[in-house]
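Enquirer:
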Amino acid sequence: MGFLIGFLWFVAVIAACMAAGWLFRTIAIAVTPKGVKKELRTAPLTASFGMLVIIIYIIVAVFAPLIAPFPERAVLGAEYLPWDDVHLLGTDNLGRDMLSRLIFGARNTVGIAFATTALAFLIGSILGLLAATVGGWLDQALSRAVDVLMAIPALIFSLLLLTIFGTSILTLIIVIAIIDSTRVYRLARSVALNIVVMDYIEAAKLRGEGLWRLITREILPNAMAPLVAEFGLRFCFVFLAISALSFLGLGLQPPMADWGSMVKENATLIAFGDITPLLPAGAIALLTVSVNFVVDWQLHRASGLKE
Amino acid sequence: MTESTSDKPVLLTMKNLRIEGRADETWAEIVHGIDLTLHKGEVLGLIGESGAGKSTVGLAAMGFTRDGCRISGGEIVFDGIDLMQASEATRRELRGKRIAYVAQSAAASFNPAHKLMDQYCEAPVQHGVMNRDEAERDAVDLYRRMQLPEPDVIGFRYPHQVSGGQLQRAMTAMAMACRPDLIIFDEPTTALDVTTQIEVLAAIRNIVEQFDTAAIYITHDLAVVAQMADRIKVLLKGDEVEEADTRSMLAAPKEDYTKSLWAVRSHARAEQPPVAADKVPVVSVQNITAGYGSVDVLQDVSFDIHERRTVAVVGESGSGKSTTARVITGLLVPRQGQILFDGATLPPDYRRRTRDQLRQAQMIYQMADTALNPKLRIRDLIGRPAQMYLGLQGKALTERIRNLLELIELEPDDYIDRLPSELSGGQKQRIGIARALAAEPKFIICDEVTSALDQLVAEGILKLLDKLQTEFDLAYMFITHDLATVKAIADEVVVMKEGKVIEQGPKSEMFQPPHDPYTELLLSSVPEMDPDWLTDLLRERDAR
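Protein chains in written order, with the working numbering: chain G, 1 to 307; chain Y, 1001 to 1544.
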């Protein structure tokens, strides 16, 4: 019987999500300009739901101080208070409001993950495209350097670097961006290698185009689709990496709210059958799943598959 | 092929066949009700331009459609079995066993990871027609009938170890493996050189006659279909234009569209007066020896190209035609020899050439699909050279782009903001021409510019090039393997084989005997519209 109720709940939640996605898509199609409209029509319900969730996260992150009922770091009462009217999700191990920290955590974790991914892409794709276009010794030097970086397990490598350089937000961003840029480099290079052999690149070279224009006008637009798809996936990995580092104590430092460290701080509660500590983990899961819904849709479009 | 096949029992009928394709999330009909009847042992030629629905109809004969297509109406009956009603299992049982398919590019259709023999044996063993040993013996027998070299061992090679023509024959042998009642040939010789094409055509015809197999032969080449088919059906944009037996169709086509197809090969360039002896050629290729790695692809190649003249460089694939173009454009630095432009030496590497030297020599590519950046609009594609070389900006640039579009006979307002994907093949090639013209060059290399196009469209491109040449005093180097194109456009001909110039001279001399034996072979291999041509030619060659 319990199983049946659980199953019905599951179905209801899925249906509600899809309904929300449908509603979002209908509204979005109504309000957006014509070009976007046509693209949105091709979005399946999963992708619509994903976009809806991402937009909600962005709004929460941007307006966190306005939305959160309490400040991020204020100790407001006893530890581990249960859910009630004042503290909707109770309090954490130091008596801080759980909901407020969850909301501020969106800002910290998502913001830093985004900055890190953007930096990783900037470094990785520029070097990757450059290596593919110029070729020769530059390609060899860059590719072998990337091989060396990739040979070391990412988590252990980042732990090592963070121990050496300290755990400020800036070093965190730079360290993870550099480690992740190796993956971006490999993708950008292999995509560009297929493009540089095209006749239009040869035509551009024979026209006497410079390297910068060759990369930005002729190669990059054609490499965009796989790179965008990779951006979504990479964002999730970075997100998880930051949370994992925070859980291990080397990511964002207390008292900053961060979803990874929030799980760790309140882990004791899990033993008592309270799901509150798992909410930050749920928030991570929801965002990663949503991002992947949108990425799948974009990949499908980019690959040109019908049906 | 002289006996009448129409009194034999009917093998395949299609009635009012309609097929839809999916584009932009909606279904659009691409085949609008085709009727087709095929008797046992009969060869039906399906011809038409690209997009006519030839391949779609051919595949439908197996009850199959490509991804993104569906059969929306009509019926297909193969030997009493309704393919539309039959289960997928029934259709799968037929495919490969009773109906076989030979694709255009054998190189892309063979699995490169398996030996030819393994791929040959798959169908008969799978369908339980033969066991592995019988299939292998049978393969050797068929390879011999297909006149493949070393039939006993060729099956144990991988696809990349045999040539394109041999692979195409191996594929035909593979299609025959289960002795099907029907084979669908989808442009089986389009990707081959003329000399290789003959061998494949002869082998296919031979084997189809030996086993009394019915066939649907899809091609856009009229001369080829004239050799192969008993009856010809002409398609245009998913509709049937007309159908008749080969001889009466060739002798007296009824519809205007068919007549225009037949008339295509009539374009011929007027004879040009000889060039004055003291005139400095625009481009002079002098004693070029070049190659990749340690292999010489070109050996001592020399020829001149004069203003307002077209030099056609002819040869099979691998003869060094395109490599010559790469040396002229500076993409490949030659080991010996030099390129003169207007009497002055050009630096061998394009990176060392001045912007003006780069501007003077432009190139038009074979595949317009890969020669135009798919993410740029027409405005940017043809505006860029004008902007770069001539410094045009803003209004003057737009004016120049519109001007160029008018030159290539495309309506400026309609086309200026389109993407290449919104153009047809012929229009893309015109944009390629406009891009070359935008630089206001003296010399243009045309690398197989018409070989990927339908004959009617190719004809239009050739006429356009001809017109532009007189208007702008251009010199053309025209790389091609198609001698019909040479006849249509060239003033002088350079015949290349294995990196050497075999013969060169004015067109009028080249098409008159006596020939170098290789030129003779090339010339005699070009299919003619006469249905007896292949039979006569083979008899003639055997007699020698």
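Idealized CB from N, CA, C, for every residue including glycine.
Count the other CB atoms, across all protein chains shown, that sit within 10 Å of the CB of G:Glu265; report buried if there are 16 or more and exposed otherwise.
Expert: Position 265 of the first sequence, counted from the start, is the residue given in the question as residue 265 of chain G. G:Glu265 is buried by the Cβ-count criterion.
Enquirer: Note down, in chain order, each residue of its chain lying with its Cβ closer than 6 Å to the Cβ of Y:Val1307, except the 5 sequence neighbours on either side.
Expert: Against the second sequence, residue 1307 of chain Y aligns to sequence position 307. With the sequence shown as reference, residue 1307 of chain Y is identified as Glu, and Val is not the correct amino acid for it. Result list for Y:Glu1307: Val1282, Asp1473 and Ala1475, in chain order.
Enquirer: Should Y:Thr1450 be flagged as near chain G, meaning a C-beta pair shorter than 7 Å?
Expert: On the second sequence, position 450 is the one that residue 1450 of chain Y refers to. No, Y:Thr1450 lies away from the interface with chain G (no Cβ there is under 7 Å from its Cβ).
Enquirer: With which residues is Y:Ile1502 paired in a DSSP beta bridge?
Expert: Walking along the second sequence from the start, residue 1502 of chain Y turns up at place 502. Beta-bridge pairing links Y:Ile1502 to no other residue.
Enquirer: Would a check of beta-carbon distances place Y:Arg1355 closer than 7 Å to chain G?
Expert: One-based indexing of the second sequence puts residue 1355 of chain Y at position 355. Yes, its Cβ sits closer than 7 Å to a Cβ of chain G.
Enquirer: If you measure beta-carbon to beta-carbon, which residues of the region 1192 to 1210 of chain Y are closer than 8 Å to chain G?
Expert: Those residues of the region 1192 to 1210 of chain Y that come within reach of chain G (Cβ to Cβ, closer than 8 Å) do not exist; the list is empty.
Enquirer: Determine whether the Cβ of G:Leu193 lies closer than 7 Å to any Cβ atom of chain Y.
Expert: Along the first sequence, one-based indexing puts residue 193 of chain G at 193. No, because no Cβ of chain Y sits closer than 7 Å to the Cβ of G:Leu193.
Enquirer: In the structure shown, what three-state DSSP assignment does G:Trp83 receive?
Expert: The sequence position of residue 83 of chain G within the first sequence is 83, counting from 1. The answer is coil: DSSP assigns G:Trp83 none of H, G, I, E or B.
Enquirer: If I follow the unbroken alpha helix (DSSP H) through Y:Asp1413, where does it start and stop?
Expert: The sequence position of residue 1413 of chain Y within the second sequence is 413, counting from 1. Y:Asp1413 -> alpha helix (DSSP H) spans Pro1412 to Tyr1415.
Enquirer: Can you give me the Cβ contacts of Y:Met1130 inside the same chain, cut-off strictly under 7 Å, excluding the 5 residues immediately before and after it?
Expert: Working through the second sequence from its first residue, we reach residue 1130 of chain Y at position 130. If we look at Y:Met1130 and ignore the five residues flanking it on each side, its Cβ neighbours are Pro1124 and Asp1138.
Enquirer: In or out: Y:Pro1273 buried (at least 16 other Cβ within 10 Å) or exposed?
Expert: Taking the first residue of the second sequence as 1, we reach residue 1273 of chain Y at position 273. So Y:Pro1273 counts as exposed.
Enquirer: By the 10 Å Cβ neighbour count, where 16 or more other Cβ atoms means buried, how is Y:Ser1248 classified, buried or exposed?
Expert: Translated into the one-based positions of the second sequence, residue 1248 of chain Y becomes position 248. Per the 10 Å Cβ criterion, exposed.
Enquirer: Between which two residues does the beta strand (DSSP E) carrying Y:Phe1478 extend?
Expert: Here the question's residue 1478 of chain Y lines up with position 478 in the second sequence. Taken as a continuous stretch (DSSP letters only), the beta strand (DSSP E) holding Y:Phe1478 covers Ala1475 to Thr1480.
Enquirer: Tell me the start and end of each unbroken beta strand (DSSP E) in the region 1006 to 1047 of chain Y that is at least 3 residues and wholly inside, in chain order.
Expert: The qualifying runs are 1010 to 1023, 1026 to 1039 and 1043 to 1047.
Enquirer: Do you know whose CA, among G:Gly251, G:Met150 and G:Ala257, lies nearest G:Asp180's CA?
Expert: Residue numbering aside, residue 180 of chain G sits at position 180 when the first sequence is read from its first letter. G:Asp180 has its Cα closest to that of G:Met150, out of G:Gly251, G:Met150 and G:Ala257.
Enquirer: Please say whether G:Leu129 and G:Ile195 have beta carbons closer to each other than 7 Å?
Expert: If you number the first sequence from 1, residue 195 of chain G lands on position 195. If you number the first sequence from 1, residue 129 of chain G lands on position 129. No; because the gap between Cβ atoms is not below 7 Å, this pair is not in contact.
Enquirer: On a CA-only basis, which of Y:Asp1380, Y:Arg1098, Y:Lys1321 and Y:Gly1053 is nearest Y:Asp1417? Give me that one, please.
Expert: As a first step, residue 1417 of chain Y is located in the second sequence; it is residue number 417 there, counting from the start. Cα-wise, what sits closest to Y:Asp1417 is Y:Asp1380.
Enquirer: Starting from G:Ser168, follow its DSSP beta bridges and name the residues at the other end.
Expert: Mapped onto the first sequence, residue 168 of chain G falls at position 168. The partner list for G:Ser168 (beta bridge, DSSP) is empty, contrary to what the question assumes.
Enquirer: Of the residues Y:Gly1080, Y:Met1510 and Y:Glu1029, which one's Cα is nearest the Cα of Y:Glu1520?
Expert: Working through the second sequence from its first residue, we reach residue 1520 of chain Y at position 520. Among Y:Gly1080, Y:Met1510 and Y:Glu1029, the Cα nearest to that of Y:Glu1520 is on Y:Met1510.
Enquirer: For G:Ile164, count neighbouring C-beta atoms within 10 Å of its own C-beta (all shown protein chains included) and say buried if the count is 16 or more, exposed if not.
Expert: Here residue 164 of chain G refers to the residue found at position 164 of the first sequence. When all chains shown are included, G:Ile164 counts as exposed.
Enquirer: Does the beta-carbon distance from Y:Glu1020 to Y:Arg1070 come in below 7 Å?
Expert: Walking along the second sequence from the start, residue 1020 of chain Y turns up at place 20. Walking along the second sequence from the start, residue 1070 of chain Y turns up at place 70. Yes, Cβ-Cβ distance for Y:Glu1020 and Y:Arg1070 is below 7 Å.
Enquirer: Do you know how far the Cα of G:Ala132 is from the Cα of G:Gly210?
Expert: The residue you call residue 210 of chain G lines up with position 210 of the first sequence. The residue you call residue 132 of chain G lines up with position 132 of the first sequence. Looking at the two C-alpha atoms, the distance is approximately 15 Å.
Enquirer: Rank Y:Phe1185, Y:Val1494 and Y:Met1529 by C-alpha distance to the C-alpha of Y:Asp1516 and give the top, closest one.
Expert: Position 516 of the second sequence, counted from the first residue, corresponds to residue 1516 of chain Y. The residue with the shortest Cα to Cα distance from Y:Asp1516 is Y:Val1494.
Enquirer: Is DSSP giving Y:Ala1191 helix, strand or coil here?
Expert: As a first step, residue 1191 of chain Y must be located in the second sequence, where it is residue number 191. Three-state DSSP puts Y:Ala1191 in coil, outside helix and strand.
Enquirer: CA-CA distance, Y:Met1117 and Y:Asp1186?
Expert: For this step, residue 1117 of chain Y is matched to residue 117 along the second sequence. For this step, residue 1186 of chain Y is matched to residue 186 along the second sequence. If I take the Cα positions, the gap works out to 22 Å.
Enquirer: Of the choices Y:Asp1532, Y:Ala1191, Y:Val1043 and Y:Thr1195, whose alpha-carbon is the least far from that of Y:Ile1184?
Expert: Within the second sequence, the letter at position 184 stands for residue 1184 of chain Y. Nearest option by C-alpha distance: Y:Val1043.
Enquirer: For the region 1348 to 1373 of chain Y, which residues have a beta carbon sitting closer than 7 Å to at least one beta carbon of chain G?
Expert: Flagged, chain order: Tyr1350, Arg1355, Leu1358, Met1363, Tyr1365, Met1367, Thr1370, Ala1371, Leu1372 and Asn1373.
Enquirer: When the distance is taken between beta carbons, is G:Trp259 closer than 7 Å to G:Ala285?
Expert: For this step, residue 285 of chain G is matched to residue 285 along the first sequence. For this step, residue 259 of chain G is matched to residue 259 along the first sequence. Result no, Cβ atoms of G:Ala285 and G:Trp259 do not sit closer than 7 Å.
Enquirer: Measure from the C-beta of Y:Thr1329 to each C-beta in chain G and report whether the shortest distance is under 7 Å.
Expert: Against the second sequence, residue 1329 of chain Y aligns to sequence position 329. Yes, contact with chain G.
Enquirer: What residues from the region 1387 to 1400 of chain Y come within 9 Å of chain G, judged by C-beta to C-beta, listed N to C?
Expert: Residues Met1388 and Tyr1389.
Enquirer: In three-state terms, what does DSSP make of Y:Thr1289?
Expert: Walking along the second sequence from the start, residue 1289 of chain Y turns up at place 289. Note: Y:Thr1289 maps to strand in three-state DSSP.
Enquirer: Helix or strand or just coil, what does DSSP make of Y:Gln1166?
Expert: Residue mapping note: residue 1166 of chain Y aligns to position 166 of the second sequence, counting from 1. Three-state DSSP puts Y:Gln1166 in a helix.
Enquirer: Do the region 1038 to 1052 of chain Y and the region 1199 to 1217 of chain Y meet, that is, are 3 or more Cβ pairs less than 8 Å apart?
Expert: Enough Cβ pairs lie closer than 8 Å, so yes.
Enquirer: Counting contacts by CB-CB distance shorter than 7 Å, is G:Asp274 in contact with chain Y?
Expert: Against the first sequence, residue 274 of chain G aligns to sequence position 274. Output row for G:Asp274: interface = no.
Enquirer: According to DSSP, is Y:Asp1300 part of a helix, a strand, or is it coil?
Expert: Residue numbering aside, residue 1300 of chain Y sits at position 300 when the second sequence is read from its first letter. It is a strand residue.
Enquirer: Got a sec, what are the start and stop residues for the beta strand (DSSP E) Y:Gln1393 sits in?
Expert: Counted from its first residue, the second sequence places residue 1393 of chain Y at position 393. First-last for Y:Gln1393: undefined, no H or E at that position.
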